[in-house]
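Please read the structure below before turning to the comments.
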Amino acid sequence: MKFKNWSSTLMMILVVQAATISLLSSSASQKRLYDKLRLKTAPLCADPSNASLILNKNRLQSSQVRESLYARMCAIQCQTLNGACFAFQVNVMKSINDGNAYDVRCYSFNDFIHNIYKPSPDDDCSLFMGASKYKIVDVLSWGFKDSLNLKEFDCPPKKRGVNLYKLDMQSRAVYDSQSYDLLDNAGNVFKIKNYLMNTANGTVVVCRTCDEPYTNINQIVPYLKSVNLDISAVQYRGKWIFVWQQGAYEKTLSYVDNSNVSLSKQFLIYNMGL
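Per mature numbering (1 follows the signal peptide of the UniProt record, and there is no 0), the sequence shown runs over residues -18 to -1, 1 to 256.
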């Protein structure tokens, strides 16, 4: 795998906790699978302002408006386009010229998707993404002072501190997992810096913390800020989560929390270059 190509083609988006995925199969000459993105039972949509209109049907009767039909038609259009269409969206709306009819629009995405959101009841839309090229990553961090304080959330001695691992977007598996206990060993803070600095260009690194990411971290705060990982707001026994790509620091998603509840995030990471 050529990691060097990732910096311009990897998309990282904060989705929401507890999204579910259902599968839609297309039926063109090249069999591709598309996933309909959901948040629990509700579909997720995106801002189509930077997308291309590839299907436009007007003044349809309600009996003609079947999402499965138009999703399949859009999937075929998407995968037969000359450009890199990696996602598409189906929008259904009341017809402007006939209040009893509906218009259907299909948009293709071949660039970064902006503003994924849960639509209102009046906004009928669904976003589909190529099934083989993205990874949903759930990350949980917790601290000793968290009110949850259940036994299963006890921090194992070898996992206390900052836990880092890398994500292989081709196999969609994690590797090179490392744990750095900052409370027990002040020198571990520099190992975190070395881990990030020596990560190959384009590689995705995910972080979660267990109990204590604050002690001694101030020694590398200037470096962390330089790669868009600002942890200066963290307090003793706070929590930290991030998804970060070497060489594409502007795509970093980083969260610090000092409350007494666990911190949970879900990310969608999509590689448009594979």
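Where is the CB? At the ideal position from N, CA and C, for every residue including glycine. Given the structure is predicted, the values throughout are model-derived calculations rather than measurements.
Please classify residue 30: is it buried, with 16 or more other beta-carbons within 10 angstroms of its beta-carbon, or exposed?
Taking the sequence shown and counting its residues from 1, the one referred to as residue 30 is at position 48. Around the beta-carbon of residue 30, 16 or more other beta-carbon atoms lie within 10 Å, marking it buried.
Report yes if the CB atom of residue 48 is closer than 8 Å to the CB atom of residue 77, and no otherwise.
Translated into positions along the sequence shown, residue 48 becomes position 66. Translated into positions along the sequence shown, residue 77 becomes position 95. Not closer than 8 Å, so no.
Classify residue 5 as helix, strand or coil using the three-state DSSP reduction.
On the sequence shown, residue 5 is found 23 positions in, with the first residue counted as 1. Note that residue 5 scores a pLDDT of 32, beneath 50, so its modelled location is shaky and nothing firm can be said.
Grouping DSSP H, G and I as helix and E and B as strand, with all else coil, what is residue 152?
Mapped onto the sequence shown, residue 152 falls at position 170. Of the three classes helix, strand and coil, the one that applies to residue 152 here is coil, per DSSP.
According to DSSP, simplified to helix, strand and coil, what is residue 172?
Working through the sequence shown from its first residue, we reach residue 172 at position 190. Reduced to three states, the DSSP call for residue 172 is helix.
Which of helix, strand or coil DSSP assigns to residue 237
Along the sequence shown, read from residue 1 onward, the residue named residue 237 stands at position 255. In the structure shown, residue 237 sits in a strand (DSSP, three-state: E or B).
Hey, quick one: how far does the beta strand (DSSP E) through residue 20 stretch, first residue to last?
Within the sequence shown, numbered from 1, the residue matching residue 20 stands at position 38. Residues 15 to 21.
Does DSSP put residue 202 in a helix, in a strand, or in coil?
Position 220 of the sequence shown, counted from the start, is the residue given in the question as residue 202. Helix at residue 202.
3 or more residues per run - each beta strand (DSSP E) lying fully within the stretch 57 to 104
69 to 76 and 84 to 91
Buried/exposed call for residue 168, threshold 16 Cβ in 10 Å
Start at 1 with the first residue of the sequence shown, and residue 168 comes out as number 186. Residue 168 is exposed by the Cβ-count criterion.
Tell me which residues share the same chain as residue 106 and place their Cβ nearer than 8 Å to its Cβ, disregarding the 5 neighbours each side in the sequence.
Taking the first residue of the sequence shown as 1, we reach residue 106 at position 124. Contacts found: 73, 74 and 75.
Helix, strand or coil at residue 46 according to DSSP, with G and I counted as helix
Within the sequence shown, the letter at position 64 stands for residue 46. Three-state DSSP puts residue 46 in a helix.
For residue 188 versus residue 181, is the C-beta distance shorter than 8 Å?
Within the sequence shown, residue 188 is the residue found at index 206, counting from 1. Within the sequence shown, residue 181 is the residue found at index 199, counting from 1. No.
Looking at the unbroken beta strand (DSSP E) that takes in residue 189, where does it start and where does it end?
Along the sequence shown, one-based indexing puts residue 189 at 207. From DSSP, the beta strand (DSSP E) with residue 189 extends over 186 to 192.
Starting from residue 252, trace the beta strand (DSSP E) in both directions and tell me its first and last residue.
Position 270 of the sequence shown, counted from the first residue, corresponds to residue 252. Its beta strand (DSSP E) spans residues 245 to 253.
With distance defined between alpha-carbon atoms, name the residue in 79, 149 and 201 nearest to residue 226.
Within the sequence shown, numbered from 1, the residue matching residue 226 stands at position 244. Cα-wise, what sits closest to residue 226 is 149.
From which residue to which residue does the beta strand (DSSP E) around residue 27 run?
What you label residue 27 is simply residue 45 of the sequence shown in a count that begins at 1. First-last for residue 27: undefined, no H or E at that position.
Leaving out the 5 sequence neighbours to the left and right, which residues in its chain are closer than 6 Å to residue 162 when beta-carbon positions are compared?
Walking along the sequence shown from the start, residue 162 turns up at place 180. Only 143, 144, 170, 173 and 174 meet the Cβ criterion.
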